[in-house]
């Protein structure tokens with residue numbers, strides 16, 4: 029070999045060696061992970077922290093040198109199966125996967141681009157995707173469902189067992205035009221309670237922790253955890269939002285308006301917690317799609333996704349037995365069915381006894397005339413709910429909902445009439461049945477329409493037997509309502525959306541009084557039809573710091589030839605990293621209200637009957653409200669304060685529950701509320717503590733009464749709630765204190781109680797009941813029975829200190845003297861639940 033040939037050969041060898049060294053990270057030879065990490069540290073200036081046992085015997089092909097550091101981390105996660113967590117100051121923590129861990133890349137179905145900051149959650153944990161759409165999520169069992177949510181895309185869920193066991197799968201989400209609302213404060217009180225940028229609060233029961241005194245996710249009990257919301261008599265059929273009466277709340281179940289709220293005549297919610305997935309609470313700034321609810325809106329939703337596997341659970345507590353099943357019907361459809369029934373006909377628990385005593389206080393059921401004996405008292409309730417979804421195509425969905433609810437109370441009145449033992453049965457029944465149909469169509473990435481129709485019917489009936497007079501008094505109150513709604517949502521660009529629609533509602537309310545001895549019958553039935561057009565513009569800035577919705581709803585009441593225009597506004601601005609400013613405002617109206625009669629309505633059990641506005645002595649109720657809020661959220665701390673001013677006109681004295689000199693007066697007026705709601709919350713590890721405070725100044729104005737202005741019956745000036753919760757994957761414990769100043773009360777004039785045979789009352793609402801105070805505790809433990817079977821056991825105690833709280837009283841004249849009958853709150857009330865999940 030010549031010199032030139034040797035030099036050429038040497039150059040070739042050197043070139044090959046250099047090429048091998050310089051391209052070592054592009055070859056197919058595996059290297060120890062620790063060696064790869066040393067080279068990555070030098071290249072990207074990141075420090076890796078790990079124990080030797082974690083990376084021992086881990087080999088991989090080094091990543092290419094032209095990758096970004098985010099892409100390198102993704103490659104390392106896929107190749108090693110280890111967890112790489114970015115810490116502060118350019119540190120990366122490397123740990124082994126603990127338990128079941130699922131990973132993947134979330135992408136847009138149309139463009140295959142990664143979806144950044146999307147929410148991924150199971151029943152117990154949640155995370156967000158990184159810049160590459162990558163996520164890692166710890167789950168408890170292989171049967172857990174994993175859900176994916178991202179603004180502008182349809183929510184998607186699938187079970188863990190369908191994920192790639194050997195790597196990280198790609199998950200694709202479909203585009204969907206939707207309102208520009210997103211979470212601005214997560215875990216507002218506890219896990220699963222969030223505040224949205226449109227002013228609404230959201231309760232996600234799929235990721236819910238625990239609240240004091242509750243072991244079932246009772247919807248209408250849970251909403252009372254928010255400042256400014258309470259029930260002055262502890263029932264879910266009398267929820268007061270910022271000083272309003274319960275009939276001023278719009279209650280929706282999958283967009284079907286409901287006129288009944290509770291079982292046991294209001295002590296527990298009638299909405300089965302197993303089928304209710306999500307709840308939205310709006311105190312102000314309501315979306316233009318909603319009518320009614322001059323005080324607030326409570327909107328419940330069932331699961332919006334087609335389920336791909338069979339899920340079921342069975343449960344029993346001291347009040348009822350219940351079950352739920354979610355059955356896939358092929359790949360495009362699934363059906364959910366839930367049912368509950370009281371267990372009182374099989375066993376009477378301490379909880380049942382306390383509930384029954386509470387609802388029958390000062391009624392004919394508890395005590396009748398001295399020569400009449402009540403017997404064979406029985407109470408029963410049930411509910412059944414159904415939701416069916418069918419995805420006709422990726423862009424077409426149809427949904428059907430159905431609900432049937434009933435309460436029944438019976439007892440016999442026994443007496444000796446003309447030396448003959450006589451018995452007659454009295455009863456109260458309360459029933460709701462409703463069905464709804466929804467069709468959603470996504471025309472393209474920017475345009476979506478929906479059609480919704482429902483029929484809802486409510487009936488309350490009482491048969492009051494007077495055994496001494498051989499008389500039967502029948503009372504009925506029924507509501508029948510039909511609705512059709514058309515929505516269109518157009519996405520102009522990434523910042524702007526336009527919502528428009530039409531809404532038709534026909535409401536019929538019927539009241540019947542029927543006496544058989546002497547014969548008397550009074551039937552009043554009225555119908556009102558309302559047409560509404562509405563439009564709303566929504567804006568969300570590119571940096572997601574600014575969001576606002578502004579719109580108007582125009583309503584036409586055909587019977588009265590009346591037009592009501594209602595502007596709506598919600599504005600949310602983030603600033604200084606951790607602060608949020610919120611401005612909300614709305615005009616609203618409603619055509620139905622409730623009459624409260626404490627004397628004989630339905631045996632005193634359910635004293636409220638619905639009535640329809642006649643634009644005369646029962647006017648259309650209208651409201652105006654504005655609020656200003658400021659939030660600070662950082663480092664586990666949350667400070668939230670909101671001041672508001674609300675004015676409601678068109679209320680009647682009959683709807684306010686007067687038990688003083690105005691009990692039988694019929695007139696109309698208004699009330700005005702100025703208030704502040706404050707919440708302080710601190711999260712520390714597995715502990716969560718919160719303190720809420722509400723101030724309210726609630727004043728009536730009735731121009732036709734001797735006292736034109738005086739405190740409202742719901743003027744609870746100060747209210748404080750304190751809660752402490754501890755939550756792990758298996759154990760949840762909570763305790764809480766509820767305190768508020770006593771509601772207004774009117775006393776007879778001292779030493780001059782009776783005047784001309786009538787009670788001589790002092791100034792209306794010039795005194796107050798004693799302060800209300802209640803302490804509740806609850807605990808839930810989750811456990812595994814088998815590979816596909818889990819269990820839950822829980823215990824709660826309501827009013828654990830057994831404090832007597834007087835919540836109402838009734839004065840009557842008896843033989844020239846004033847007698848007082850008081851109504852007290854629930855005493856110490858335990859409850860236990862056992863539930864199995866399949």
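Residue numbers (the numbering used here): 29 to 866. Glycine included, C-beta positions come from ideal geometry on N, C-alpha and C.
Using the three-state DSSP reduction, which class does residue i fall into: helix, strand or coil?
{"i": "residue 60", "result": "strand"}
{"i": "residue 50", "result": "Confidence in residue 50 is poor, its pLDDT being 42 and thus under 50, which makes the residue's placement too unreliable to answer from."}
{"i": "residue 559", "result": "strand"}
{"i": "residue 299", "result": "coil"}
{"i": "residue 849", "result": "strand"}
{"i": "residue 218", "result": "coil"}
{"i": "residue 81", "result": "helix"}
{"i": "residue 632", "result": "helix"}
{"i": "residue 234", "result": "helix"}
{"i": "residue 772", "result": "strand"}
{"i": "residue 861", "result": "strand"}
{"i": "residue 274", "result": "helix"}
{"i": "residue 250", "result": "helix"}
{"i": "residue 72", "result": "helix"}
{"i": "residue 202", "result": "coil"}
{"i": "residue 728", "result": "strand"}
{"i": "residue 318", "result": "coil"}
{"i": "residue 696", "result": "strand"}
{"i": "residue 382", "result": "helix"}
{"i": "residue 735", "result": "coil"}
{"i": "residue 683", "result": "helix"}
{"i": "residue 191", "result": "coil"}
{"i": "residue 243", "result": "coil"}
{"i": "residue 100", "result": "helix"}
{"i": "residue 551", "result": "strand"}
{"i": "residue 610", "result": "strand"}
Which same chain residues, not among the five before or five after residue i, have their C-beta less than 6 Å away from its C-beta?
{"i": "residue 173", "result": "185 and 187"}
{"i": "residue 761", "result": "754 and 807"}
{"i": "residue 643", "result": "588"}
{"i": "residue 810", "result": "758 and 820"}
State the CB to CB distance for the pair residue i and residue j, rounded to an integer number of angstroms; the pair is presumed to be in contact (CB under 8 Å).
{"i": "residue 504", "j": "residue 484", "result": "Contact doesn't hold; Cβ gap of about 17 Å is too wide."}
{"i": "residue 454", "j": "residue 407", "result": "With a Cβ gap of about 13 Å, residue 454 and residue 407 do not count as contacting."}
{"i": "residue 240", "j": "residue 720", "result": "Going by Cβ atoms, the distance from residue 240 to residue 720 rounds to 12 Å, so no, they are not a contact pair."}
{"i": "residue 561", "j": "residue 530", "result": "6 Å"}
{"i": "residue 132", "j": "residue 197", "result": "5 Å"}
{"i": "residue 727", "j": "residue 699", "result": "6 Å"}
Going by the CB atoms, is the gap between residue j and residue i shorter than 8 Å?
{"i": "residue 801", "j": "residue 831", "result": "yes"}
{"i": "residue 143", "j": "residue 181", "result": "yes"}
{"i": "residue 532", "j": "residue 552", "result": "no"}
{"i": "residue 101", "j": "residue 112", "result": "yes"}
{"i": "residue 782", "j": "residue 846", "result": "yes"}
{"i": "residue 850", "j": "residue 837", "result": "yes"}
{"i": "residue 356", "j": "residue 338", "result": "yes"}
{"i": "residue 316", "j": "residue 478", "result": "no"}
{"i": "residue 441", "j": "residue 402", "result": "yes"}
{"i": "residue 201", "j": "residue 176", "result": "yes"}
{"i": "residue 506", "j": "residue 538", "result": "yes"}
{"i": "residue 124", "j": "residue 110", "result": "yes"}
{"i": "residue 657", "j": "residue 641", "result": "no"}
Which residues in the same chain as residue i place their Cβ atom closer than 7 Å to its Cβ, once the five residues preceding and following it in sequence are excluded?
{"i": "residue 683", "result": "273, 275, 621, 622, 623 and 624"}
{"i": "residue 377", "result": "346"}
{"i": "residue 303", "result": "330, 352, 364, 366, 413 and 415"}
{"i": "residue 119", "result": "75 and 77"}
{"i": "residue 108", "result": "61, 86 and 88"}
* Meets three-Cβ-pair contact criterion under 8 Å: the segment 262 to 278 and the segment 242 to 251 -> yes
* contact_flag[the segment 642 to 658, the segment 285 to 300] where n(CB pairs < 8 Å) is 3 or more -> no
* Below 8 Å, can you find three or more Cβ-Cβ pairs linking the segment 308 to 327 to the segment 608 to 617? -> yes
* Asked: Does the segment 658 to 678 come close enough to the segment 803 to 823 that 3 or more CB-CB pairs lie under 8 Å?
  -> no
* Quick check: the segment 628 to 638 against the segment 597 to 617, are there 3 or more CB pairs under 8 Å? -> no
* Asked: Counting pairs of beta carbons, one from the segment 685 to 692 and one from the segment 704 to 714, are three or more of them closer than 8 Å?
  -> no
* Asked: Any contact of the segment 567 to 574 with the segment 531 to 546, i.e. 3+ C-beta pairs under 8 Å?
  -> no
* To do: Examine the Cβ distances between the segment 230 to 239 and the segment 725 to 733 and report whether three or more of them are shorter than 8 Å.
  => no
* Would you call the segment 490 to 503 and the segment 516 to 523 in contact, with 3 or more CB pairs under 8 Å? -> no
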